[in-house]
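So the numbering used here is basically just the index in the sequence shown, starting at one, shifted up by 8.
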Amino acid sequence: MTKDSPNKKVKIHFDPENVDIVVGKGENLLQAAIAAGVHIYASCGGAGTCGTCKVLIEEGQVETTRTEKVSEEEYQQGIRQACQSRVLTDLIVYVPVESRLEKAVMSREKEVVAEALATGWRFKP
Numbered sequence: 009m010t011k012d013s014p015n016k017k018v019k020i021h022f023d024p025e026n027v028d029i030v031v032g033k034g035e036n037l038l039q040a041a042i043a044a045g046v047h048i049y050a051s052c053g054g055a056g057t058c059g060t061c062k063v064l065i066e067e068g069q070v071e072t073t074r075t076e077k078v079s080e081e082e083y084q085q086g087i088r089q090a091c092q093s094r095v096l097t098d099l100i101v102y103v104p105v106e107s108r109l110e111k112a113v114m115s116r117e118k119e120v121v122a123e124a125l126a127t128g129w130r131f132k133p
């Protein structure tokens, strides 16, 4: 097997979840994370249009399709959209709080409660 073989395996470490996985080179980073139980928020379903799945590539290389959702400054810092990134080498990936699914769900729950209170909705058991 050559180093450029499509069967080559690479390791990904996700922080702060402290999850390690092995995937095939070229695999989509968002799909790999989801398969490993690392919940990254992607409100567009991975189409690259929302910008909610931003992650920081701390070590390693990915092949990325650039979109306007990642600024030049963010790109220079190593921030990428997980849905638009394919794994090339072993990686260390940091998932910021704003990209974690549980944070997004909690934020949405707060919006629903606030909306219910603002519209005068009351729960009557």
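We put the CB at the ideal spot given by N, CA and C, even for glycine. Here the structure is a predicted model, which is why all the values come from computation and not from measurement.
Report the partner residues of residue i according to the DSSP bridge assignment.
| i | result |
| --- | --- |
| LYS19 | VAL30 |
| LYS62 | GLN89 |
| ARG94 | ASN36 and GLU71 |
| ILE48 | ARG108 |
What's the call for residue i, buried or exposed, on a 16-neighbour Cβ count within 10 Å?
| i | result |
| --- | --- |
| SER51 | exposed |
| SER93 | buried |
| ARG88 | buried |
| ALA41 | buried |
| VAL46 | buried |
Assign residue i to one of three DSSP states: helix, strand, or coil.
| i | result |
| --- | --- |
| GLU117 | For GLU117, the predicted structure reports a pLDDT of 46, less than 50, and the residue's modelled location is therefore unreliable. A value from the coordinates is still provided. GLU117: helix per DSSP, three-state reduction. |
| VAL209 | No statement about residue 209 is possible, as the shown extent of the chain runs from 9 to 133 and does not include it. |
| GLN55 | Checking the sequence shown, residue 55 turns out to be Ala, not Gln. If DSSP states are grouped into helix, strand and coil, ALA55 belongs with coil. |
| GLU76 | coil |
| GLU25 | coil |
Does the beta-carbon distance from residue i to residue j come in below 8 angstroms?
| i | j | result |
| --- | --- | --- |
| VAL95 | PHE22 | no |
| LEU64 | ILE48 | no |
| VAL27 | LYS17 | no |
| CYS91 | GLY34 | no |
| VAL78 | ILE20 | no |
| SER107 | CYS58 | no |
(request) Kindly confirm or deny that the segment 83-97 and the segment 53-73 touch, where touching means at least three C-beta pairs closer than 8 angstroms. (result) Yes, since at least three Cβ pairs between the segment 83-97 and the segment 53-73 fall closer than 8 angstroms, the two stretches touch.
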